[in-house]
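Q:
Numbering (the numbering used here), first residue to last: 20 to 175.
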């Protein structure tokens, strides 16, 4: 199973790239974690946010291979602890499809992306900076994998 993290935003600070890549490289070959960045629309003084959000949504949905399970990351999603995430990951593997996790831009995800989701995951009730979400998701997924595979990374 391949896991895709599709995130709105490019040109992340070096610490974000370093943090994400650290966890990305730890994933086994049979469960690679891939990052796809979607260019965010320009947000100026008189920006048409609704149109920008729609365009970001179209680009995001276009990046998802046909048949993938879609999981959105959003504040209104369901909070999962580590064991629930590990259980979801196990179910995803048994399902036999690849997984696309979607992270929106400053205004979140387009309604079309939310409508396409099979699952909605909330990392926190807090609004988190989108660059930080990439690292938290990568670490959480790696921890879920390590729990499912009795890897010493996850200790209780």
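Glycine included, every Cβ here is placed at the ideal spot set by N, Cα and C.
Here the structure is a predicted model, which means the values were calculated and not measured.
1. Taking the Cβ atom as the reference point for each residue, do residue 75 and residue 133 lie within a distance shorter than 8 Å?
2. Between 41, 164 and 85, which lies nearest to residue 104 when the distance is taken from Cα to Cα?
3. Should the stretch 32-44 be called in touch with the stretch 129-144, which here means at least 3 C-beta pairs below 8 Å?
4. Using CA coordinates, which residue listed in 54, 130, 128 and 121 is at the minimum distance from residue 30?
5. List the whole-angstrom C-beta distance separating residue 116 from residue 87, where the pair is believed to meet the contact cut-off of C-beta under 8 Å.
6. Whole-angstrom Cβ separation of residue 47 and residue 21, contact assumed at under 8 Å?
7. How long is the line joining the alpha carbons of residue 122 and residue 167, rounded to whole angstroms?
A: With the structure as the only source:
1. Going by C-beta atoms, residue 75 is not nearer than 8 Å to residue 133.
2. From the listed residues 41, 164 and 85, the smallest Cα separation to residue 104 is found for 164.
3. In this structure the stretch 32-44 does not touch the stretch 129-144; the number of beta carbon pairs closer than 8 Å is below three.
4. 54
5. Right, their Cβ atoms sit about 6 Å apart.
6. Residue 47 to residue 21, Cβ: 11 Å. No contact.
7. 24 Å
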